[in-house]
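With the UniProt record's numbering, the residue at position 73 of the sequence shown is 73, and numbering never jumps. Glycine included, each C-beta is placed from N, C-alpha and C at the ideal position. Following: one structure in structure tokens, then a few remarks.
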Amino acid sequence: MSERTFVAGAGMTKFDKPGARQVPYPNLVGEAVGQALAHAGISYEQVQRAAVGYVFQPSAAGQRALYDVGLTGIPVINVNNNCATGSTALLLASEWVRGGLADVTLAVGFEQMTKSALQGSPDGVVTTVDRHLSVMTAAHGFGDAPMTAQLFSHAATEHMQRFGTTVEQLAAVAVKNHDHSARNPLAQFQHRYTLEQVLNDKPVHGPLTRPQCSPISDGAAAAVVVSERFAREHGLASKAVEVVAQTLVTDTSASFQSGSMIDVVGAPMTRRAVAKVLDASGITIDDIDVIELHDCFSINEIITYEALGLCAEGEGGKLVQSGATSYGGRWVVNPSGGLISKGHPLGATGLAQCAELTWQLRGEAGERQVEGARLALAHNLGLGGACVVTLYRAPSLTTAEGNANDR
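Structure below.
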């Protein structure tokens with residue numbers, strides 16, 4: 001029988017423009033881990049295993065990232081799963097607890113990025129996204145914009161052609177998420193945009209303008225994962241956020257065989273991942289209160305609405321325009337500001353989602369608080385490819401015989 005797992009504490013640094021803080025990565029990690037441990041009310045000496053995720057750092061940086069926190073000799077596993085790295089580290093930390101291998105684990109993600117990190121190359125060299133690029137270049141060629149911007153802008157154009165999605169609907173995603181991030185002191189961007197400002201900003205590629213694209217960022221985030229037994233024995237029951245269900249999927253032939261850029265950028269992975277999580281939990285998407293999803297570009301939020309089942313295929317643009325995914329709507333999506341406005345240090349993103357949802361479910365999100373939030377969903381996507389979907393439930397462990405399935 002598997003153990004139930006809980007996030008006992010979470011923390012993150014402010015996400016910044018690369019180089020803004022002029023500190024080495026162990027400092028960023030130490031800040032995020034220190035916050036997570038304090039949030040959980042435990043010491044680093046109680047941690048039994050750690051998974052540390054990053055994409056653009058040196059080999060085995062996970063060990064060095066934690067050495068200034070403590071030299072306790074625990075196993076440290078280095079994780080790299082492109083943009084899904086942070087959630088993959090969380091998955092490992094949770095599986096160690098769920099499998100009975102540890103009672104207290106740590107998941108960490110961090111990144112210090114450069115402008116050259118996301119350029120990519122169309123020249124036939126084997127890369128993590130060569131299959132994705134082969135579909136794109138066969139139909140659209142390869143331009144001068146950053147590689148990921150090209151992939152997603154072609155998905156946006158396809159969505160517009162197939163479903164009538166408008167540039168105003170794409171821009172509405174950016175307006176919403178920048179509005180949300182204005183309430184988030186840890187976000188890289190904290191100013192609001194009007195629809196006209198988004199539409200008239202600097203073009204990046206195709207229909208996407210700069211406020212619709214996630215920036216390169218520096219930052220770190222961390223989560224402490226514990227067993228139910230540890231939570232009860234150490235007085236953490238009232239603040240332990242349950243990891244109800246979690247899955248990681250990778251690409252199948254469905255991502256490439258149709259020639260659809262919407263499929264190339266991960267829609268089939270998202271559909272499979274969320275179906276697995278909802279089936280395992282017996283919960284429906286309508287039960288969810290708050291969602292952090294992978295809006296690396298505005299179009300991906302719209303595509304992900306549809307893949308998660310918030311609306312029918314082709315209806316994502318209308319959904320965001322209706323206000324259904326902001327405060328006062330059916331769900332609050334990306335209350336943190338999302339990747340577009342909170343920032344996107346690749347290794348940290350999935351754990352920043354975890355931190356935001358942990359704070360939401362503990363009623364600690366300040367101006368961003370979603371009233372009455374009980375169930376939350378995180379969606380973290382990495383091309384090359386991986387998709388992690390995680391379902392969280394608000395604290396409900398109260399006594400030794402308490403029922404954590406209360407909703």
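{"Query": "Cutoff 8 Å; reference alanine 400; Cβ partners in own chain excluding five residues on either side", "Result": "Because alanine 400 carries a pLDDT of 47, less than 50, the predicted location of this residue cannot be relied on, and no value is offered for it."}
{"Query": "Buried versus exposed, by CB contacts within 10 Å (16 or more), valine 108", "Result": "buried"}
{"Query": "Beta strand (DSSP E) segment containing arginine 368, residue limits", "Result": "No beta strand (DSSP E) holds arginine 368; DSSP gives it neither H nor E."}
{"Query": "Burial state of asparagine 80, where buried means 16 or more other Cβ atoms lie within 10 Å", "Result": "buried"}
{"Query": "Inter-residue spacing [alpha-carbon to alpha-carbon] between serine 134 and glutamine 169", "Result": "29 Å"}
{"Query": "C-alpha gap between histidine 18 and alanine 156, whole angstroms", "Result": "Going by the sequence as given, residue 18 is proline instead of histidine. So the alpha carbons of these two residues sit roughly 27 Å apart."}
{"Query": "Classification of valine 265 by the beta-carbon crowding that lies within 10 angstroms, buried from 16 upward", "Result": "buried"}
{"Query": "Leucine 377: first and last residue of the uninterrupted beta strand (DSSP E) it sits in", "Result": "375–382"}
{"Query": "Continuous beta strand (DSSP E) stretch holding proline 268: start and end", "Result": "Proline 268 -> not in any beta strand (DSSP E); alpha helix (DSSP H) instead, spanning 267–281."}
{"Query": "Residues near glutamate 356 in its chain [Cβ-Cβ closer than 6 Å; skip 5 each side]", "Result": "Glu292, Ser336"}
{"Query": "Simplified DSSP state of glycine 259, which is helix, strand or coil", "Result": "coil"}
{"Query": "Residue environment, leucine 361, which counts as buried when at least 16 other CB atoms sit within 10 Å", "Result": "buried"}
{"Query": "Helix, strand or coil at glutamate 242 according to DSSP, with G and I counted as helix", "Result": "strand"}
{"Query": "Beta-carbon gap between methionine 269 and cysteine 387 smaller than 7 Å", "Result": "yes"}
{"Query": "Stretch pair the stretch 35–50 + the stretch 96–105: three plus CB contacts closer than 8 Å", "Result": "yes"}
{"Query": "3-residue-minimum beta strand (DSSP E) runs that sit fully inside the stretch 285–310, ordered along the chain", "Result": "290–292"}
{"Query": "Threonine 13 to lysine 115 span [Cα, whole Å]", "Result": "21 Å"}
{"Query": "Rounded straight-line distance, which links the Cα of valine 47 to that of leucine 351", "Result": "17 Å"}
{"Query": "6 Å CB neighbourhood of alanine 267 in its chain, flanking five on each side removed", "Result": "Ile303, Ala307"}
{"Query": "Within 7 Å, strictly: CB atoms of isoleucine 299 and phenylalanine 152", "Result": "yes"}
{"Query": "Through-space distance from methionine 160 to alanine 10, alpha-carbon basis", "Result": "38 Å"}
{"Query": "Alanine 60 - DSSP class collapsed to helix/strand/coil", "Result": "coil"}
{"Query": "Cβ-Cβ distance between threonine 247 and valine 389 below 7 Å", "Result": "yes"}
{"Query": "Cutoff 7 Å: glutamate 196 Cβ touching any chain C Cβ", "Result": "This model lacks chain C altogether; it includes just one protein chain."}
{"Query": "Test item: CB-CB of alanine 172 and glutamine 321 under 7 Å", "Result": "yes"}
{"Query": "Candidates Asp263, Val241, Val243, Ala245: closest to aspartate 251 by CA position", "Result": "Asp263"}
{"Query": "Pairwise C-alpha distance: glutamate 95 and leucine 199", "Result": "43 Å"}
{"Query": "Beta-carbon gap between tyrosine 44 and glycine 70 smaller than 7 Å", "Result": "yes"}
{"Query": "Between the CA atoms of glycine 309 and alanine 373 - distance to the nearest angstrom", "Result": "19 Å"}
{"Query": "Collapsed DSSP secondary structure at threonine 399 in the structure displayed", "Result": "Confidence at threonine 399 is low in this model, with a pLDDT of 48, below 50, so the placement of that residue is unreliable and no value is reported for it."}
{"Query": "Proximity to methionine 147 [Cα-Cα], best of Val277, Ala50, Leu319, Cys213", "Result": "Cys213"}
{"Query": "CB contact flag (leucine 28, alanine 220, <7 Å)", "Result": "yes"}
{"Query": "Own chain partners of proline 110 with C-beta closer than 8 Å, once the 5 adjacent residues on each side are dropped", "Result": "One detail in the question is off: residue 110 reads as phenylalanine in this sequence, not proline. Around phenylalanine 110: Tyr25, Leu28, Val29, Ala32, Val52, Gly53, Tyr54, Gln57, Ala65, Gly219, Ala220, Ala221, Pro345, Gly347, Ala348."}
{"Query": "C-alpha distance - valine 225 paired with alanine 240, whole-angstrom precision", "Result": "9 Å"}
{"Query": "Range covered by the beta strand (DSSP E) that runs through cysteine 387", "Result": "386–393"}
{"Query": "Chain-order list of residues whose beta-carbon lies under 7 Å from that of leucine 278 (same chain, five-residue window excluded)", "Result": "Thr284, Ile285"}
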